[in-house]
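Colleague: Let me give you the structure first, and then I'll get to my questions.
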Amino acid sequence: MCIRDREISETQINTNIPNFNYKMGVFSKLNNYFWPEDMGDVSSYLGNDDPGKLRKLKIYRAVALSLYIPLYIHSYFGMAGEYHYYVIAFTQWGLFITSLTLLSLLIGVNVDSRGTSGRLIHKLAFVLFETAWTSEVVITTVFWAILVVIAFKKVYEYNAVVIIFMIESHTLPLAMLAIDFYQNQMVFRKRHGFLVAIIPLLYAGMSILLAVKFGIHAYPILTWKDYTSLLYGGLVVLLFVLAFVAGYLIGERKHRRRTKLMETPVDVVTKEDDVSLIV
């Protein structure tokens, strides 16, 4: 083969490369959209820059996860034989997501971000926290503002185990996430709203299908048989948006305070000190 033929063949080969890169570039573009470079190391959001606070955070997450073991055992008895609620009740979805979030966060702060698997765990933990926080705010708010009245109207039908579980499952998960949120450096990303919406949309689709096709529903306010369900459904959607916005605002406030502290010199001289030095 002459040099000219070799150049032509190499050119033909190179013309096929952009197509391959374009196909692979779709994932790169999605990654860059949800995880832009200005975020820096994703793992830094999961923990705390202060070694002492990070150590306490790790201990807290281990303790919180251990509490989920008796909580899940309690949920088995709290179902009172109605085990289909493990699937049709969003409260149970929230319990699972929150426990998975705490586990991924605990693993995430101990995994090196330089490896592909480590970065994947960090990103998963990040989105899981956003999803768990948003879901649990909605679950807790809807239960104590609306459903608790309906639930305790039938309190005579429940035993103490069921009542205690109802209180636990609609209180502890959000409390655990709030304590973790207070200690970590999480900052919600606006673009992650699309990712956070995946779980609620999956549940909404399943809930509507079961209610319309089989007449099975977990909540009396969401039977999907009248306009009341649409009104409550719209309210729940609004609460999801507000919960995510609340998480975003909390994270941004924490980030601004942290940035301000990092930019403030340790040996700042006050105005009083300046006057004393002049005198």
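Note that the sequence shown covers residues 2 to 280 in the numbering used here. Quick reminder that beta carbons are idealized off the backbone N, C-alpha and C, glycines included.
In chain order, what are the residue ranges of uninterrupted alpha helix (DSSP H) at least 4 long that sit wholly in the stretch 122 to 191?
Modeller: 149 to 154, 161 to 170, 173 to 184
Colleague: Have a look at F127, Y86, K261, H123 and flag the residue whose alpha-carbon is nearest the alpha-carbon of V289.
Modeller: The chain is shown only over 2 to 280; residue 289 falls outside these bounds and no answer can be derived.
Colleague: Got a sec? Which residues, its chain only, sit under 6 Å from N32 by beta carbon, not counting five neighbours each side?
Modeller: none
Colleague: Roughly how many angstroms separate the alpha carbons of L66 and Y228, rounded to a whole number?
Modeller: Computed Cα separation, rounded: 40 Å.
Colleague: Within 10 angstroms of the Cβ of M187, are there 16 or more other Cβ atoms? Answer buried if so, exposed if not.
Modeller: buried
Colleague: Are three or more beta carbon pairs between the stretch 240 to 251 and the stretch 211 to 228 nearer than 8 Å?
Modeller: no
Colleague: Tell me which same chain residues have a C-beta within less than 8 Å of the C-beta of W145, skipping the five on either side of it?
Modeller: H171.
Colleague: To which residues of the same chain is A205 closer than 8 Å at the C-beta, ignoring the five residues directly before and after it?
Modeller: G234
Colleague: Quick one: grab the DSSP three-state call for W225.
Modeller: coil
Colleague: Closest by CA to F166, which one among L106, F78, K214, L107?
Modeller: F78
Colleague: Please report the straight-line C-alpha distance between M263 and V110, rounded to a whole angstrom.
Modeller: 21 Å
Colleague: By how many angstroms is the C-alpha of K57 removed from the C-alpha of E137?
Modeller: 23 Å
Colleague: Return the CA-CA distance between S10 and S29, expressed in angstroms with no decimal places.
Modeller: Because S10 carries a pLDDT of 46, less than 50, the predicted location of this residue cannot be relied on, and no value is offered for it.
Colleague: Kindly indicate which three-state DSSP category P37 falls into: helix, strand or coil?
Modeller: Three-state result, P37: coil.
Colleague: Cα-Cα, which of E131, Y34, K261, P71 is closest to L173?
Modeller: P71
Colleague: By how many angstroms is the C-alpha of Y61 removed from the C-alpha of K214?
Modeller: Here the alpha carbon of K214 sits roughly 44 Å from the alpha carbon of Y61.
Colleague: Using three-state DSSP, classify Y63 as helix, strand or coil.
Modeller: First, the amino acid is wrong: residue 63 is Ala here, not Tyr. If DSSP states are grouped into helix, strand and coil, A63 belongs with the helices.
Colleague: List, from N- to C-terminal side, the alpha helix (DSSP H) runs of 4 residues or more that fit wholly inside the stretch 64 to 112.
Modeller: The qualifying runs are 86 to 89, 91 to 109.
Colleague: Give the secondary structure of R254 by DSSP, where H, G and I count as helix, E and B as strand, and everything else as coil.
Modeller: DSSP places R254 in helix when its eight states are reduced to three.
Colleague: State the Cα-Cα distance for the pair G116 and S105, rounded to the nearest angstrom.
Modeller: 16 Å
Colleague: Is the beta carbon of T99 less than 8 Å from the beta carbon of L178?
Modeller: yes
Colleague: Hey, how far is the Cα of K124 from the Cα of S45?
Modeller: The straight-line gap from Cα to Cα measures roughly 11 Å.
Colleague: Taking the alpha-carbon positions, what's the A90 to K255 distance?
Modeller: 33 Å
Colleague: Confirm, please, whether the CB-CB distance from H218 to I210 is below 8 Å.
Modeller: According to the sequence displayed, residue 210 carries Leu and not Ile. No, the pair does not count as a contact, with Cβ atoms beyond the cut-off.
Colleague: Rounding to the nearest angstrom, what Cα-Cα distance links V276 and P52 in this structure?
Modeller: Caution is warranted here: a pLDDT of 38 is assigned to V276, below 50, making its placement in the model unreliable, and the coordinate value is therefore given only provisionally. Their Cα atoms are separated by approximately 37 Å.
Colleague: Let's test the definition: count the other Cβ atoms within 10 Å of the Cβ of F153 and tell me whether it reaches 16, buried, or not, exposed.
Modeller: exposed
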